[in-house]
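Numbering-wise, numbering that gives the first Met the number 0 puts 73 at position 74 of the sequence shown, and it's gapless, one number per residue.
By construction, the Cβ of each residue, glycine as well, lies at the ideal position given by its N, Cα and C atoms.
Scroll down for the structure; my scribbles are underneath it.
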Amino acid sequence: MTLRERIAKGFKATLLSRVVHAVANGALLLVFTRYLLDPEQYGLLYFAVSVVGVAELFGTLGLTKATARYVNEYLEKDDTQVRHIMRWSFYGVLAMAFGVSAAISLASGPLASLLGRPEVAPVLTVGGLYVAGRSFISYERSVFQAFNAVTYSAVLTATNSVVRLCAAVALVVLGYGVVGAMAGYVLGFGLTAALGLVLLYVRFYRHLPRTGAAETGLRRRLLRYSVPTAATRASVVLDSKIDTVLVGMLATPVAVAFYTLARQVADLCIVPAQSLGYAVTPTLGEQSAAENRDRAANIYEQSLRNILLLYVPGAAGLFVVAEPMVRFVVGPDYLGAVPLIQLYGVFVIMRAIEKITANTLDYLGLARVRAVARGTSAVGNVALNLALIPSLGALGAGIATVITYSGYGMVNIYYLHQELPFDAVAVVNHLARVTAIAVVMGGVVYTVMPYVTGLFTLVGAIVLGGTIWTALSVASGLLEPRAVLSFMS
(Lines of atoms letter the chains of each structure in order from A and count residues from 1; the text may use other names and numbers.)
(Lines give C-alpha, C1' and ligand atoms only; values in the text may rest on other atoms or scores of the structure.)
Protein backbone atom coordinates (compact mmCIF):
# COMPACT_ATOMS: atom_id res chain seq x y z
CA MET A 1 0.00 0.00 0.00
CA THR A 2 1.45 3.35 -1.03
CA LEU A 3 1.71 6.30 1.35
CA ARG A 4 -1.12 8.10 -0.46
CA GLU A 5 -3.34 5.01 -0.33
CA ARG A 6 -2.70 4.57 3.37
CA ILE A 7 -3.60 8.18 4.14
CA ALA A 8 -6.71 7.88 1.97
CA LYS A 9 -7.78 4.66 3.70
CA GLY A 10 -7.33 6.18 7.14
CA PHE A 11 -9.11 9.36 6.10
CA LYS A 12 -12.12 7.51 4.68
CA ALA A 13 -12.47 5.23 7.71
CA THR A 14 -12.13 8.13 10.13
CA LEU A 15 -14.45 10.33 8.08
CA LEU A 16 -17.13 7.64 8.05
CA SER A 17 -16.90 7.24 11.81
CA ARG A 18 -16.95 11.01 12.28
CA VAL A 19 -20.01 11.29 10.07
CA VAL A 20 -21.72 8.67 12.24
CA HIS A 21 -20.54 10.59 15.30
CA ALA A 22 -21.79 13.88 13.88
CA VAL A 23 -25.17 12.44 12.89
CA ALA A 24 -25.60 10.83 16.32
CA ASN A 25 -24.55 14.03 18.11
CA GLY A 26 -26.80 16.08 15.86
CA ALA A 27 -29.71 13.76 16.56
CA LEU A 28 -29.02 13.92 20.30
CA LEU A 29 -28.82 17.71 20.17
CA LEU A 30 -32.06 17.91 18.20
CA VAL A 31 -34.00 15.48 20.41
CA PHE A 32 -32.79 17.04 23.65
CA THR A 33 -33.25 20.70 22.68
CA ARG A 34 -36.44 20.40 20.68
CA TYR A 35 -38.34 17.68 22.53
CA LEU A 36 -36.96 16.40 25.83
CA LEU A 37 -35.04 19.09 27.75
CA ASP A 38 -35.72 22.79 28.26
CA PRO A 39 -32.76 25.22 28.05
CA GLU A 40 -32.16 25.13 31.81
CA GLN A 41 -32.03 21.31 31.91
CA TYR A 42 -29.85 21.23 28.81
CA GLY A 43 -27.49 23.73 30.40
CA LEU A 44 -27.29 21.73 33.65
CA LEU A 45 -26.47 18.54 31.75
CA TYR A 46 -23.57 20.10 29.88
CA PHE A 47 -22.40 21.99 32.93
CA ALA A 48 -22.01 18.57 34.59
CA VAL A 49 -20.38 17.12 31.47
CA SER A 50 -17.85 19.96 31.52
CA VAL A 51 -17.08 19.42 35.21
CA VAL A 52 -16.35 15.72 34.75
CA GLY A 53 -14.53 16.61 31.53
CA VAL A 54 -12.13 18.75 33.56
CA ALA A 55 -11.68 15.86 36.00
CA GLU A 56 -10.89 13.56 33.07
CA LEU A 57 -7.57 15.35 32.70
CA PHE A 58 -6.39 13.56 35.85
CA GLY A 59 -7.59 10.22 34.49
CA THR A 60 -4.79 10.07 31.92
CA LEU A 61 -2.59 13.14 32.40
CA GLY A 62 -0.19 13.03 29.43
CA LEU A 63 0.27 9.27 29.36
CA THR A 64 -1.89 8.56 26.30
CA LYS A 65 0.01 10.91 23.97
CA ALA A 66 3.37 9.81 25.34
CA THR A 67 2.39 6.18 24.77
CA ALA A 68 1.39 6.91 21.19
CA ARG A 69 4.67 8.67 20.50
CA TYR A 70 6.83 5.84 21.90
CA VAL A 71 4.79 3.00 20.41
CA ASN A 72 5.04 4.69 17.02
CA GLU A 73 8.79 5.20 17.43
CA TYR A 74 9.63 1.73 18.74
CA LEU A 75 7.61 -0.07 16.11
CA GLU A 76 10.30 1.24 13.76
CA LYS A 77 13.32 0.95 16.08
CA ASP A 78 12.74 -2.12 18.27
CA ASP A 79 9.27 -3.65 18.41
CA THR A 80 10.27 -5.97 21.27
CA GLN A 81 9.87 -2.98 23.60
CA VAL A 82 6.31 -2.12 22.58
CA ARG A 83 4.76 -4.63 25.01
CA HIS A 84 6.51 -2.92 27.91
CA ILE A 85 5.34 0.52 26.80
CA MET A 86 1.73 -0.61 26.44
CA ARG A 87 1.68 -2.51 29.72
CA TRP A 88 3.16 0.32 31.79
CA SER A 89 0.82 2.89 30.32
CA PHE A 90 -2.26 0.68 30.66
CA TYR A 91 -1.73 0.15 34.38
CA GLY A 92 -1.07 3.84 34.83
CA VAL A 93 -4.31 4.84 33.12
CA LEU A 94 -6.21 2.15 35.03
CA ALA A 95 -5.10 3.49 38.41
CA MET A 96 -5.63 7.16 37.57
CA ALA A 97 -8.98 6.77 35.79
CA PHE A 98 -10.73 4.75 38.47
CA GLY A 99 -9.22 6.81 41.27
CA VAL A 100 -10.57 10.04 39.80
CA SER A 101 -13.95 8.43 39.01
CA ALA A 102 -14.38 7.32 42.61
CA ALA A 103 -13.37 10.75 43.93
CA ILE A 104 -15.91 12.58 41.75
CA SER A 105 -18.79 10.25 42.60
CA LEU A 106 -18.11 10.26 46.34
CA ALA A 107 -17.56 14.03 46.56
CA SER A 108 -20.37 15.03 44.18
CA GLY A 109 -22.42 16.86 46.83
CA PRO A 110 -19.68 19.11 48.22
CA LEU A 111 -18.31 19.66 44.71
CA ALA A 112 -21.68 20.80 43.38
CA SER A 113 -22.09 23.21 46.29
CA LEU A 114 -18.58 24.57 45.77
CA LEU A 115 -19.44 25.27 42.11
CA GLY A 116 -22.62 27.08 43.13
CA ARG A 117 -24.96 24.52 41.51
CA PRO A 118 -26.09 22.09 44.26
CA GLU A 119 -28.86 20.84 41.96
CA VAL A 120 -26.25 19.17 39.76
CA ALA A 121 -24.97 16.83 42.53
CA PRO A 122 -26.93 13.69 41.44
CA VAL A 123 -25.69 14.16 37.88
CA LEU A 124 -22.08 14.32 39.08
CA THR A 125 -22.57 11.16 41.17
CA VAL A 126 -23.38 9.21 38.02
CA GLY A 127 -20.92 11.22 35.95
CA GLY A 128 -17.92 10.06 37.95
CA LEU A 129 -17.80 6.92 35.79
CA TYR A 130 -17.71 9.17 32.72
CA VAL A 131 -14.07 9.84 33.58
CA ALA A 132 -13.06 6.16 33.51
CA GLY A 133 -14.81 5.47 30.21
CA ARG A 134 -13.44 8.54 28.45
CA SER A 135 -9.93 7.92 29.78
CA PHE A 136 -9.76 4.38 28.41
CA ILE A 137 -11.18 5.38 25.04
CA SER A 138 -8.56 8.15 24.82
CA TYR A 139 -5.82 5.63 25.60
CA GLU A 140 -7.10 3.10 23.07
CA ARG A 141 -7.49 5.62 20.26
CA SER A 142 -3.98 6.97 20.83
CA VAL A 143 -2.46 3.49 20.66
CA PHE A 144 -4.45 2.56 17.56
CA GLN A 145 -3.23 5.75 15.93
CA ALA A 146 0.36 4.88 16.85
CA PHE A 147 -0.08 1.54 15.07
CA ASN A 148 -1.44 3.46 12.06
CA ALA A 149 -4.65 1.49 12.57
CA VAL A 150 -7.04 4.41 12.52
CA THR A 151 -9.83 2.13 11.27
CA TYR A 152 -10.12 0.69 14.78
CA SER A 153 -10.27 4.16 16.27
CA ALA A 154 -13.04 4.88 13.81
CA VAL A 155 -14.94 1.82 15.05
CA LEU A 156 -14.72 3.11 18.63
CA THR A 157 -15.92 6.58 17.66
CA ALA A 158 -18.93 5.24 15.77
CA THR A 159 -19.84 2.69 18.46
CA ASN A 160 -19.70 5.23 21.26
CA SER A 161 -21.83 7.71 19.34
CA VAL A 162 -24.61 5.24 18.54
CA VAL A 163 -24.74 3.63 22.01
CA ARG A 164 -24.71 7.01 23.74
CA LEU A 165 -27.53 8.33 21.56
CA CYS A 166 -29.76 5.30 22.16
CA ALA A 167 -29.04 5.01 25.88
CA ALA A 168 -29.33 8.72 26.72
CA VAL A 169 -32.58 9.24 24.82
CA ALA A 170 -34.12 6.05 26.22
CA LEU A 171 -33.30 6.93 29.83
CA VAL A 172 -34.64 10.49 29.50
CA VAL A 173 -37.85 9.21 27.88
CA LEU A 174 -38.22 6.74 30.76
CA GLY A 175 -38.35 9.70 33.13
CA TYR A 176 -34.82 9.87 34.53
CA GLY A 177 -34.25 13.40 33.24
CA VAL A 178 -30.79 14.94 33.31
CA VAL A 179 -29.41 12.11 35.47
CA GLY A 180 -30.62 9.61 32.86
CA ALA A 181 -28.94 11.58 30.09
CA MET A 182 -25.63 11.45 31.96
CA ALA A 183 -26.11 7.72 32.58
CA GLY A 184 -26.53 7.28 28.83
CA TYR A 185 -23.17 8.97 28.29
CA VAL A 186 -21.58 6.66 30.85
CA LEU A 187 -23.03 3.54 29.20
CA GLY A 188 -21.77 4.64 25.81
CA PHE A 189 -18.24 5.25 27.06
CA GLY A 190 -18.14 2.08 29.17
CA LEU A 191 -19.24 -0.32 26.44
CA THR A 192 -16.98 1.33 23.87
CA ALA A 193 -13.97 1.19 26.20
CA ALA A 194 -14.55 -2.53 26.75
CA LEU A 195 -14.71 -3.11 22.99
CA GLY A 196 -11.51 -1.12 22.49
CA LEU A 197 -9.57 -3.16 25.03
CA VAL A 198 -10.63 -6.40 23.33
CA LEU A 199 -9.59 -5.10 19.89
CA LEU A 200 -6.29 -3.78 21.20
CA TYR A 201 -5.38 -7.09 22.80
CA VAL A 202 -6.62 -9.43 20.05
CA ARG A 203 -5.40 -7.46 17.04
CA PHE A 204 -2.12 -6.06 18.31
CA TYR A 205 -0.82 -6.79 21.78
CA ARG A 206 -0.80 -10.58 21.62
CA HIS A 207 1.02 -10.53 18.27
CA LEU A 208 3.90 -8.38 19.50
CA PRO A 209 7.26 -10.11 19.99
CA ARG A 210 8.16 -10.91 23.58
CA THR A 211 11.32 -9.84 25.33
CA GLY A 212 12.62 -10.49 28.79
CA ALA A 213 13.88 -7.09 29.85
CA ALA A 214 12.87 -3.54 29.10
CA GLU A 215 15.36 -1.14 27.59
CA THR A 216 17.24 0.77 30.25
CA GLY A 217 15.65 4.16 30.89
CA LEU A 218 12.65 3.56 28.63
CA ARG A 219 10.04 3.88 31.38
CA ARG A 220 11.70 7.06 32.63
CA ARG A 221 11.66 8.57 29.14
CA LEU A 222 8.00 7.62 28.70
CA LEU A 223 7.05 9.30 31.97
CA ARG A 224 9.23 12.32 31.26
CA TYR A 225 7.63 12.85 27.86
CA SER A 226 4.19 12.58 29.45
CA VAL A 227 4.88 15.79 31.42
CA PRO A 228 4.72 18.24 28.50
CA THR A 229 1.86 16.29 26.91
CA ALA A 230 0.03 16.46 30.25
CA ALA A 231 0.57 20.21 30.28
CA THR A 232 -0.80 20.42 26.75
CA ARG A 233 -3.80 18.30 27.72
CA ALA A 234 -4.42 20.49 30.75
CA SER A 235 -4.44 23.47 28.44
CA VAL A 236 -6.88 21.73 26.09
CA VAL A 237 -9.20 21.07 29.02
CA LEU A 238 -8.96 24.68 30.17
CA ASP A 239 -9.83 25.86 26.66
CA SER A 240 -12.63 23.38 25.94
CA LYS A 241 -14.23 22.68 29.32
CA ILE A 242 -13.41 25.27 31.94
CA ASP A 243 -15.11 28.04 29.99
CA THR A 244 -18.43 26.15 30.18
CA VAL A 245 -17.91 25.63 33.91
CA LEU A 246 -17.24 29.35 34.35
CA VAL A 247 -20.34 30.28 32.35
CA GLY A 248 -22.36 28.02 34.66
CA MET A 249 -20.84 29.56 37.76
CA LEU A 250 -20.85 33.22 36.69
CA ALA A 251 -23.99 33.30 34.52
CA THR A 252 -26.95 30.88 34.33
CA PRO A 253 -27.73 27.34 33.14
CA VAL A 254 -29.57 28.89 30.17
CA ALA A 255 -26.37 30.72 29.19
CA VAL A 256 -24.59 27.36 29.40
CA ALA A 257 -27.20 25.93 27.02
CA PHE A 258 -26.55 28.69 24.45
CA TYR A 259 -22.79 28.33 24.78
CA THR A 260 -22.95 24.54 24.52
CA LEU A 261 -25.15 24.71 21.43
CA ALA A 262 -22.63 26.97 19.68
CA ARG A 263 -19.75 24.65 20.61
CA GLN A 264 -21.70 21.63 19.36
CA VAL A 265 -22.39 23.30 16.02
CA ALA A 266 -18.64 24.01 15.76
CA ASP A 267 -17.91 20.37 16.60
CA LEU A 268 -20.21 19.18 13.82
CA CYS A 269 -18.44 21.47 11.36
CA ILE A 270 -15.01 20.15 12.26
CA VAL A 271 -15.62 16.51 11.25
CA PRO A 272 -13.68 16.52 7.92
CA ALA A 273 -10.66 18.25 9.48
CA GLN A 274 -10.59 15.79 12.37
CA SER A 275 -10.61 12.90 9.95
CA LEU A 276 -7.83 14.31 7.79
CA GLY A 277 -5.69 15.27 10.77
CA TYR A 278 -6.09 11.89 12.43
CA ALA A 279 -5.04 10.10 9.24
CA VAL A 280 -2.17 12.44 8.29
CA THR A 281 -0.53 13.08 11.69
CA PRO A 282 1.26 9.72 12.20
CA THR A 283 2.34 9.70 8.56
CA LEU A 284 3.98 13.11 8.97
CA GLY A 285 5.76 11.77 12.04
CA GLU A 286 6.99 8.72 10.13
CA GLN A 287 8.24 10.75 7.17
CA SER A 288 10.03 13.19 9.44
CA ALA A 289 11.63 10.38 11.46
CA ALA A 290 12.84 8.82 8.19
CA GLU A 291 14.43 12.17 7.22
CA ASN A 292 11.89 12.72 4.43
CA ARG A 293 11.28 16.30 5.56
CA ASP A 294 10.46 17.65 2.10
CA ARG A 295 7.84 14.98 1.55
CA ALA A 296 6.33 15.61 4.97
CA ALA A 297 6.24 19.36 4.26
CA ASN A 298 4.44 18.77 0.96
CA ILE A 299 1.85 16.54 2.64
CA TYR A 300 1.20 19.17 5.31
CA GLU A 301 0.99 22.04 2.82
CA GLN A 302 -1.54 20.22 0.66
CA SER A 303 -3.59 19.31 3.74
CA LEU A 304 -3.55 22.96 4.87
CA ARG A 305 -4.68 24.15 1.44
CA ASN A 306 -7.59 21.71 1.50
CA ILE A 307 -8.60 22.81 4.99
CA LEU A 308 -8.64 26.48 3.98
CA LEU A 309 -10.60 25.78 0.80
CA LEU A 310 -13.31 24.00 2.77
CA TYR A 311 -13.49 25.99 6.00
CA VAL A 312 -13.10 29.65 5.04
CA PRO A 313 -16.21 29.57 2.80
CA GLY A 314 -17.88 27.29 5.35
CA ALA A 315 -17.40 29.89 8.08
CA ALA A 316 -18.90 32.57 5.84
CA GLY A 317 -21.91 30.37 5.19
CA LEU A 318 -22.34 29.61 8.88
CA PHE A 319 -22.39 33.32 9.70
CA VAL A 320 -25.15 33.95 7.16
CA VAL A 321 -27.46 31.01 7.98
CA ALA A 322 -27.00 30.90 11.78
CA GLU A 323 -30.28 32.63 12.69
CA PRO A 324 -32.67 30.60 10.49
CA MET A 325 -30.76 27.43 11.33
CA VAL A 326 -31.36 27.86 15.06
CA ARG A 327 -34.95 29.04 14.59
CA PHE A 328 -36.08 26.20 12.33
CA VAL A 329 -33.87 23.32 13.50
CA VAL A 330 -33.48 23.74 17.25
CA GLY A 331 -36.32 26.11 18.07
CA PRO A 332 -36.83 29.78 18.97
CA ASP A 333 -36.02 29.14 22.65
CA TYR A 334 -32.36 28.91 21.63
CA LEU A 335 -32.07 32.05 19.48
CA GLY A 336 -29.77 33.50 22.13
CA ALA A 337 -27.07 31.20 20.73
CA VAL A 338 -27.06 32.88 17.28
CA PRO A 339 -24.34 35.53 17.96
CA LEU A 340 -22.13 32.82 19.43
CA ILE A 341 -22.56 30.56 16.42
CA GLN A 342 -21.70 33.43 14.08
CA LEU A 343 -18.63 34.30 16.14
CA TYR A 344 -17.53 30.68 16.13
CA GLY A 345 -17.04 30.76 12.37
CA VAL A 346 -13.52 32.11 13.05
CA PHE A 347 -13.00 29.49 15.75
CA VAL A 348 -13.98 26.72 13.33
CA ILE A 349 -11.31 27.81 10.82
CA MET A 350 -8.54 27.91 13.43
CA ARG A 351 -9.65 24.65 15.00
CA ALA A 352 -9.65 22.92 11.61
CA ILE A 353 -6.07 24.07 11.02
CA GLU A 354 -5.12 22.92 14.51
CA LYS A 355 -6.40 19.41 13.76
CA ILE A 356 -3.65 18.88 11.19
CA THR A 357 -1.01 20.95 12.97
CA ALA A 358 -0.94 20.57 16.75
CA ASN A 359 -0.74 16.79 17.12
CA THR A 360 1.90 16.72 14.39
CA LEU A 361 4.16 18.72 16.72
CA ASP A 362 3.90 15.89 19.26
CA TYR A 363 4.98 13.33 16.66
CA LEU A 364 7.88 15.57 15.64
CA GLY A 365 9.13 15.68 19.23
CA LEU A 366 7.97 19.25 19.85
CA ALA A 367 5.47 18.46 22.59
CA ARG A 368 7.20 20.87 24.97
CA VAL A 369 6.81 23.77 22.52
CA ARG A 370 3.16 22.94 22.00
CA ALA A 371 2.63 22.63 25.76
CA VAL A 372 4.00 26.12 26.40
CA ALA A 373 1.86 27.61 23.63
CA ARG A 374 -1.27 25.83 24.75
CA GLY A 375 -0.64 26.65 28.39
CA THR A 376 -0.23 30.34 27.63
CA SER A 377 -3.40 30.27 25.54
CA ALA A 378 -5.34 28.48 28.28
CA VAL A 379 -4.30 30.89 31.01
CA GLY A 380 -5.22 33.80 28.77
CA ASN A 381 -8.56 32.18 28.02
CA VAL A 382 -9.41 31.79 31.70
CA ALA A 383 -8.41 35.39 32.42
CA LEU A 384 -10.52 36.73 29.55
CA ASN A 385 -13.45 34.54 30.62
CA LEU A 386 -13.33 35.93 34.14
CA ALA A 387 -13.22 39.46 32.72
CA LEU A 388 -15.91 39.12 30.04
CA ILE A 389 -18.51 36.62 31.31
CA PRO A 390 -19.93 38.81 34.13
CA SER A 391 -20.85 41.56 31.65
CA LEU A 392 -21.37 39.67 28.37
CA GLY A 393 -22.43 36.22 29.56
CA ALA A 394 -21.87 33.34 27.15
CA LEU A 395 -20.83 35.75 24.38
CA GLY A 396 -17.89 36.86 26.51
CA ALA A 397 -16.73 33.26 26.78
CA GLY A 398 -16.98 32.93 23.01
CA ILE A 399 -14.90 36.07 22.41
CA ALA A 400 -12.24 34.81 24.82
CA THR A 401 -12.08 31.45 23.05
CA VAL A 402 -11.73 32.94 19.57
CA ILE A 403 -8.96 35.36 20.59
CA THR A 404 -6.82 32.87 22.51
CA TYR A 405 -7.34 29.91 20.17
CA SER A 406 -6.37 31.99 17.15
CA GLY A 407 -3.13 33.01 18.83
CA TYR A 408 -2.38 29.42 19.76
CA GLY A 409 -3.03 28.25 16.21
CA MET A 410 -0.66 30.79 14.69
CA VAL A 411 2.11 29.78 17.08
CA ASN A 412 1.65 26.11 16.12
CA ILE A 413 1.88 26.93 12.43
CA TYR A 414 5.05 28.97 13.00
CA TYR A 415 6.86 26.16 14.82
CA LEU A 416 5.71 23.50 12.40
CA HIS A 417 7.01 25.65 9.55
CA GLN A 418 10.39 25.75 11.31
CA GLU A 419 10.41 21.95 11.38
CA LEU A 420 8.78 21.29 7.99
CA PRO A 421 9.47 24.33 5.76
CA PHE A 422 6.42 24.37 3.49
CA ASP A 423 5.80 27.23 1.02
CA ALA A 424 4.09 29.82 3.25
CA VAL A 425 3.81 32.42 0.46
CA ALA A 426 1.92 29.97 -1.74
CA VAL A 427 -0.43 29.18 1.15
CA VAL A 428 -1.16 32.89 1.71
CA ASN A 429 -1.91 33.36 -2.00
CA HIS A 430 -4.19 30.34 -1.83
CA LEU A 431 -5.97 31.85 1.19
CA ALA A 432 -6.58 35.11 -0.70
CA ARG A 433 -8.27 33.27 -3.56
CA VAL A 434 -10.33 31.17 -1.15
CA THR A 435 -11.45 34.32 0.70
CA ALA A 436 -12.69 35.81 -2.56
CA ILE A 437 -14.76 32.68 -3.17
CA ALA A 438 -16.15 32.91 0.38
CA VAL A 439 -17.18 36.55 -0.08
CA VAL A 440 -19.03 35.84 -3.33
CA MET A 441 -20.71 32.72 -1.98
CA GLY A 442 -21.72 34.38 1.30
CA GLY A 443 -23.05 37.44 -0.51
CA VAL A 444 -25.30 35.39 -2.79
CA VAL A 445 -26.65 33.31 0.10
CA TYR A 446 -27.29 36.48 2.12
CA THR A 447 -29.49 37.87 -0.66
CA VAL A 448 -31.84 34.86 -0.46
CA MET A 449 -32.18 34.89 3.34
CA PRO A 450 -35.47 36.90 3.26
CA TYR A 451 -37.02 33.98 1.38
CA VAL A 452 -36.03 31.38 3.99
CA THR A 453 -39.25 30.61 5.87
CA GLY A 454 -38.71 27.03 7.01
CA LEU A 455 -36.52 23.95 6.87
CA PHE A 456 -37.10 23.31 3.16
CA THR A 457 -36.05 26.79 2.06
CA LEU A 458 -33.14 26.76 4.54
CA VAL A 459 -31.81 23.57 2.95
CA GLY A 460 -32.28 25.21 -0.45
CA ALA A 461 -30.16 28.20 0.58
CA ILE A 462 -27.42 25.91 1.89
CA VAL A 463 -27.45 23.87 -1.32
CA LEU A 464 -27.22 27.11 -3.32
CA GLY A 465 -24.15 28.13 -1.33
CA GLY A 466 -22.55 24.73 -1.81
CA THR A 467 -23.18 24.85 -5.54
CA ILE A 468 -21.60 28.30 -5.85
CA TRP A 469 -18.59 27.17 -3.80
CA THR A 470 -18.10 24.09 -5.97
CA ALA A 471 -18.43 26.02 -9.23
CA LEU A 472 -16.02 28.78 -8.20
CA SER A 473 -13.51 26.35 -6.68
CA VAL A 474 -13.43 24.23 -9.83
CA ALA A 475 -13.35 27.25 -12.17
CA SER A 476 -10.43 28.77 -10.26
CA GLY A 477 -8.48 25.52 -10.32
CA LEU A 478 -8.44 25.22 -6.53
CA LEU A 479 -10.60 22.09 -6.58
CA GLU A 480 -9.93 19.21 -8.94
CA PRO A 481 -12.95 16.85 -9.02
CA ARG A 482 -10.93 14.04 -10.58
CA ALA A 483 -8.32 14.18 -7.80
CA VAL A 484 -11.04 14.22 -5.12
CA LEU A 485 -12.81 11.21 -6.65
CA SER A 486 -9.51 9.36 -6.96
CA PHE A 487 -8.65 10.03 -3.31
CA MET A 488 -12.06 8.94 -2.04
CA SER A 489 -12.39 5.86 -4.27
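A direct Cα-Cα distance of roughly 10 Å separates Ala192 from Thr156. Taking all protein chains shown into account, Pro480 has fewer than 16 neighbouring C-beta atoms within 10 Å of its C-beta and is therefore exposed.
Take Leu74, set aside five residues on each side of it, and the residues of its chain with a beta-carbon closer than 8 Å to its own are Val81, Ala145, Phe146, in chain order. Uninterrupted alpha helix (DSSP H) stretches at least 4 residues long and entirely within the stretch 292-325 occur at 292-324, given in chain order. Shown here, Ala250 sits in coil according to DSSP, grouped into three states, outside any helix or strand. Here Met409 is exposed: its Cβ has fewer than 16 other Cβ atoms, across all protein chains shown, within 10 Å.
Here DSSP, grouped into helix, strand and coil, assigns Ser88 to helix.
The stretch 143-194 is shown to contain whole alpha helix (DSSP H) runs of 4 or more residues at 149-170, in chain order. Residue range 366-391 is occupied by the alpha helix (DSSP H) that includes Arg367. Put simply, of Leu430, Phe143, Tyr129, Gly216 the residue whose alpha carbon is nearest the alpha carbon of Val311 is Leu430. In the DSSP assignment, Phe31 falls outside any alpha helix (DSSP H), carrying neither H nor E. For Gln80, no alpha helix (DSSP H) run applies, since DSSP gives it neither H nor E. By alpha-carbon distance to Phe188, the top candidate from Gly98, Phe135, Leu385 is Phe135. Exclusion of the five residues before and after Leu454 leaves Phe327, Val328 as the residues of its chain whose Cβ lies within less than 8 Å of its Cβ. Excluding five sequence positions before and after Pro338, the CB atoms of its chain that fall closer than 6 Å to its own CB belong to Leu394, given in chain order. Distances from the alpha-carbon of Val378 to those of Ala399, Pro420, Ala167 put Ala399 closest.
Ranked by Cα distance from Ala460, the first of Val168, Glu322, Ala351 is Glu322.
For Tyr34, the number of other beta carbons within 10 angstroms of its own is below 16, and it is reported as exposed.
When C-beta atoms of the stretch 404-419 are compared with those of the stretch 437-448, fewer than three pairs fall below 8 Å, so the two segments do not count as touching. Look at Ser475 here: in three-state DSSP terms it is coil, with no helix or strand label. Setting aside the 5 residues that flank it on each side, Leu170 is surrounded in the same chain by Gly179, Ala182, Gly183, each with a C-beta closer than 6 Å to its C-beta; the list follows chain order. Between the C-alpha atoms of Tyr407 and Pro227 there is a straight-line separation of about 16 Å. In this structure, DSSP gives Pro271 a helical state, which the three-state scheme calls helix. Assignment of Thr243 by DSSP, reduced to helix, strand and coil, places it in the helix class.
Here the stretch 195-207 does not lie against the stretch 217-232, with fewer than 3 beta-carbon pairs under 8 Å apart.
CA-CA distance, Trp468 to Ile436, rounds to 7 Å. When the Cα atoms are used, Ala250 and Gly392 turn out to be separated by approximately 6 Å.
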